[in-house]
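Worksheet: one structure, shown below.
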Amino acid sequence: MPAETPLPAQYAPGEVEQRRYDLWVSTGQFTAIPASDRQPYCIVIPPPNVTGSLHVGHALDHTIQDTLVRRRRMQGFETLWLPGTDHAGIATQNVVERQLATEGLSRHDLGREKFVERVWQWKAESGGAILGQMRRLGDSVDWGRERFTMDEGLSRAVLTIFKRLFDDGLAYRAERIINWCPRCLTALSDIEVEHSDDEGELVSIRYGDDDGAISPVPGASQRAPASEERTGGAGIGIVVATTRAETMLGDTAVAVHPDDDRYRHLVGKEVELPLTGRRIPIIADAHVDPTFGTGAVKVTPAHDPNDFEIGQRHDLPNLTILDERGVITANGPYQGLDRFEARPAIVAALREHGRVVAETRPYVHAVGHCSRCKTIIEPRLSLQWFVNTGPLARAAGDAVRDGRVRIEPAELAKRYFAWVDNMHDWCISRQLWWGHRIPVWYGPNGETVCVGPDEQPPTGEGWHQDEDVLDTWFSSALWPFSTLGWPDETPELAKFYPTSVLVTGYDILFFWVARMMMFGLYAMGGQQPFDVVALHGMVRDQHGKKMSKSFGNVVDPLDWIERFGADATRFTLARGANPGSDVPVSEEWCQGSRNFCNKLWNATRFALMNGATVSGRLPGRKQFSTIDRWILSRLQQVTAEVDEYFDAFEFAKVCDTLYHFAWDDVCDWYVELAKPVLAAAGDAATGDGAAGDAAATTRRVLGHVLDQLLRLLHPIIPFVTDELWSGLTGKKTVARAPWPTVNKSYVDERAEATVVALQQVVTEVRRFRSDQGLRPGQRVAARLIGLPAVGLDQHEPLIRSLVRLDEPGTGFAATASLAIAGGVDVELDTRGVIDVAAERARLEKDRGAAEKEIAGCRAKLDTPAFADKAPADVVAKVRERLAAAEADLARVSASLAALGV
RNA sequence: GGGCGCGUAGCUCAGUGGAAGAGCACCCGGCUUACAACCGGGGGGUCGCUGGUUCGAACCCAGCCGUGCCCACCA
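If you want the numbering used here, it's the 1-based position in the first sequence plus 256.
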C-alpha cells in the first residue's frame, strides 16, 4: 500500500529556498574554521562593485564557485568561500555625484572630506544590495568573513604594499603621457581604454615655405623614388599628415626617418609652423615609418605618446595646448574651443592659407574611448604615479609557465602571456576622491615621503599629502591575501593561502587576474595567490548574442529565481558552462531546468510513497535483481564521470550526465521497472515472502540511488536536493553529507548489457504498438522468443507488464513478428486490430535499414587493405554488425512474407 | 596591423581517427494514480567548401569562404 506523502505534486521553490538558506546559515554550514586539520579549500569571491546588483554574469560566476565549494565541503575539506565587495572608485563616485547633482550640488561644493563622508553614508544605506541577492542564489559564503576593499584591514594592506613598492623603487612618480578622460577628469590605465575603429579625416598639411613643399606620396603608403621628390628651392617646406589637426598648435618639431633620402637634406633645418609663426626643427628619428603618408610626422610631445618619446630623445619642449577638459588653451583665435570644435576650425583656416595639400580623405583608425563613459581619450602629459611592472609581470608569467598556476582552459594562457610579457608600466593614480589616497607627502623643499600604515605623516609648514587616490584595481589585486588578514600573520592566511581556485570571466583576465598574480607573488614571498584560474565565458542569449538593454534580451536572474527557482536558474547556467566558452541561456531552457527539479521532486515523492529506505547497509549481492545491479552499476559509472568532469571544470558535462542518469535511467527505467515489483508485494500483502523480499530490496536500492543522486546534484542545485534529501533520510541537511565515491564491486557490465537488451525489446514493442495505433490499455497476446540468450528469461513478466502483452493462450496465431537485435523475437497475435499497411511500411523501413547496413559492412570487408591494416577488434566488430544485419534482414523478410504480401 | 577561436539537426551545443549525438523546437498517440512542469513513439544532418594524408576523416594537414573575440602609441 502506498504510504501517504507530505510532499505536494509540484515543487514550489520559494518557501523551501528561504527555509533552507536560513537553516544552512544558522547551523554554521558555511563557516570556515582555520584551526581545523581538514585539508583547506578556499575561493575568494571576485568582489562585485558595491554599487552593483546581481546580474546574470554574477549568477554564472557564483553558481560555478558555489558548486565547487559545496562539493569540496561534502568531500570533507575545510572550505572557505570568502565574500565581499569592491569600492569601485569611479563607478561609486559617479553614483554619489549624480545624487548630488539632483540637489544642485557638485562634489566641489562639499569639499573632499564631506564628499567622502557622503559616499560612506551612501554605502551604508544603499551599497552592497548584491550581498542580499547572493543569498537568493544560494551562495554558500562565510558571512562572518565579509570584506570591503576600503575597510580598515584592507586599507592597511594597501598602504603596506604601496610603501613596499615605493621602497623597492617599483612605485614611482613621473611626468608621462597617460590616457586621460576629459569627462571623468582622471587618468586611466591602458586597460581602461577601449579601442574602436572610428572614421576620421586624414589631412595633409604643408609646413614651411611653399616652394619647398613636398607632395604627399601618391597612394599614401608607396615609397616614391627619392630623387623625384627633391626640390631644388632654397625655401624649406615639408608636408605632414594628421587626423588631429588641432594638435598642431602644440607641435615642437617635424620628424622624418634618418635613412629617408627624400628628407636627409632637411634634417637640422627649421620650418615655420602655419597659423602660429613659430619655427620648429626638422629632426630624424627611427620611429617614423617612411612608407606611411609623406614620411614626415608632426611632433606634439605633450599630446601624443609616441611624440612624447621622440621629444624625450631629442630634448624637445613639451607644449601643452589642451586643458583637462579638452579645451584649447593656446593663445590665439582658438583658445576656449573644445578639441572637436577646434579641429574643423583649424583645418578651415589652414585651407584658407593654402596649406592643405590635396584633398582630405576619410580615414578609419583606432580611437581610444573611456571604458566607463565612452568619451574619446585624450593623451595627456601629466604627473602621475606608476608601478614598474617589469619584474612583477615577469614573475607573473613565470608562475604560469612553470606550472605553479594552471589556467583553465589552457588556450587562454596564451592571451595571458601575450599580456604580461608586453605590459607597460601601470598608471595607478586617479584624480578622484573616493578610494585609497596615495600615502605620499610632499615637503616644502621638494621632499617626497611615503608614509607606511604605522607611521606618522610629516607635519609642519608646507607639507601636504598627494591629492590622488589609487586605481580601484590596485586594492583588488591584493584581494586573495588582504582578505585573509595580510599583512598580519593570521591563522586564516596560514590555512587558506594560496587559495585553491580563482573563478572569473575571461574578460577580466587582464584587469584582475594578472594583477593579483603580480601582487600576490610580490607580497607573499613568491607564493602564488591561487593554484588554478578557472575562466568562464559571458552569458549570452539563446542565439549567442550579447545581452544588452537596447536588444531587450537581458536576463534578470532575480526574476528567474522568482519564477522558476534558484535551482533552475543555477542549473540553466551550469548546463551551458563549458570552460572558457560563452554561455547561452533562454527562458525556455530555464523552464526545462525547473521541470528537471520537479522531476526529482516527484521521483523522491514516489520513493517516499512506496516506502523507500535509506538506512542500514545495502542487501547482499544475491538479493539484487539484474535491474538492481544495473542501476547500481550505472550509479558507479555516473559518480566516476561526475568527479572527472568536476575536476576539469566541465560543468556542462556534469549537468548533462546527471540529468540523463536521473531522468532516463532512474525515472524512466528504474522506477518504471520497480513498479511491478512493488505492486507484486502489494498484491501479496498477506505475506508472500519472495515478493516481499524483492520489494524490500527494491525499496532499499531506490532509496540508495536517490540518496546518492541527490548528493551528486546538491552542489549544483542545493535547495531542492536538500529538501528532498532531508525528507528521504530524516536528517537535517545534505550540506556536509559525504560525497559519493565509486564502489567498484558494484560495477556490473553483464547486468548493464542485459538491461540494454531489455530496453531494446521494450522499445521495439512500443514502437510496434505506436505504429499500429494500439491504445495503451489494449492487451495483445504475444510469444517472446530468445530471451534467455540475452539474460532476460527471468524478466519476461516484467516486460509483459511494461508493454501489456498477454501470454499466448489457446488459439494464439502469430500475425506479426518483431525482429530485435540479439536474436530476440516477439511474435504477436493482433488479429482484428492489425493495420497491414502500417505494418508493411514499418517492416520495409527496417528492411531498408538492414540492407544498407549489410552493403556498408560488405564494402568495408571487401576492401583488402581494410582487413590488412585495421585492428582486429574493428574488423570483428564489422563482422558482428554484418551478421546481425543479415539476421535482421532474414527475420524482416519472413515477417513481410507472413503478412501475406 | 598582430593573435586566438568557431563553422555538426530549425536553435544552442557535445563528439576530435573506426556504426552521426543531446537539450529545446517540430510531428503522431496518450490524464498508464510520482510527475501533463508528464509518458510513449517519430521525422530531421553529402558534420562550411576544395584538395591532401589514411584501409578508413566530422575528427589530422593545406588552401579558401563565412563568423566571433582579444590585443595594438601607423601619424
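No residue lacks a Cβ here, since even glycine has one placed at the ideal position from N, Cα and C.
Residue 529 is positioned such that its CB atom lies no closer than 8 Å to that of residue 652.
Inclusion of residue 1062 and residue 1037 in the CB contact set at 8 Å is warranted, their separation being smaller than that value. In the same chain as residue 834, and ignoring 5 residues on each side of it, the C-beta atoms closer than 6 Å to its own belong to 908, in chain order. Contact between the stretch 655-672 and the stretch 782-791 is established, with three or more Cβ pairs separated by less than 8 Å.
Going by beta carbons, residue 342 and residue 416 fall outside the 8 Å limit. Taking each of 904, 618, 423, 513 in turn and checking the Cα distance to residue 498, the smallest one comes out for 618.
In the structure shown, the three-state DSSP call for residue 988 is coil. If only uninterrupted alpha helix (DSSP H) runs of at least 4 residues are considered, those enclosed by the stretch 621-692 are 646-657, 668-676. Here the alpha carbon of residue 774 sits roughly 36 Å from the alpha carbon of residue 573.
Secondary structure note for residue 729: its alpha helix (DSSP H) is the uninterrupted segment 728-732. Around the C-beta of residue 299, 16 or more other C-beta atoms lie within 10 Å, and the residue is accordingly described as buried.
For the set 810, 264, 874, the Cα lying nearest the Cα of residue 949 is the one of 874. Here the stretch 802-811 does not lie against the stretch 753-770, with fewer than 3 beta-carbon pairs under 8 Å apart. In the three-state scheme derived from DSSP, where H, G and I count as helix and E and B as strand, residue 542 is classed as coil.
For residue 742, the secondary structure class from DSSP, reduced to helix, strand or coil, is coil. Annotated three-state conformation of residue 695 is coil, per DSSP.
Scanning its chain for C-beta atoms nearer than 8 Å, with the 5 sequence neighbours on each side dropped, one finds around residue 544 the residues 511, 512, 513, 516, 551, 552, 553, in chain order. For residue 846, the three-state secondary structure derived from DSSP is helix. At a Cβ-Cβ threshold of 8 Å, residue 526 and residue 582 do not count as neighbours. Contact between the stretch 339-356 and the stretch 311-322 is not established, with fewer than three Cβ pairs separated by less than 8 Å. Taking a 10 Å sphere around the C-beta of residue 607, we find fewer than 16 other C-beta atoms and assign the residue as exposed. The beta carbon of residue 631 lies closer than 7 Å to those of 437, 438, 439, 625 in the same chain, with the five residues before and after it left out. In this structure, 1148 is the residue among 435, 1148, 894, 586 with its C-alpha nearest to the C-alpha of residue 1098. Beta-bridge partners assigned by DSSP to residue 706: 696. In the DSSP assignment, residue 395 falls outside any alpha helix (DSSP H) and carries neither an H nor an E. For residue 1006, the enclosing alpha helix (DSSP H) starts and ends at 1005-1028. Residue 1004 holds the alpha-carbon nearest to the alpha-carbon of residue 893 among 989, 681, 383, 1004.
About 4 Å separates the beta carbon of residue 1073 from that of residue 1151, a gap short enough to meet the 8 Å contact definition. From the listed residues 614, 454, 366, 650, the smallest Cα separation to residue 673 is found for 650.
In the three-state reduction of the DSSP assignment, residue 337 falls in the strand class. For residue 831, same chain residues with a beta-carbon under 8 Å away, outside a window of 5 residues either side, are 845, 849, 907, 908, 911, 912, 915 in chain order. Residue 985 is positioned such that its CB atom lies no closer than 8 Å to that of residue 978. Spanning the alpha carbons of residue 818 and residue 270 requires a straight line of approximately 7 Å. For residue 655, the number of other beta carbons within 10 angstroms of its own is at least 16, and it is reported as buried. Contact between residue 447 and residue 766 is confirmed by a C-beta separation of about 5 Å, below the 8 Å threshold. Proximity to residue 1069 across 698, 1087, 580, 742 peaks at 1087, based on C-alpha coordinates.
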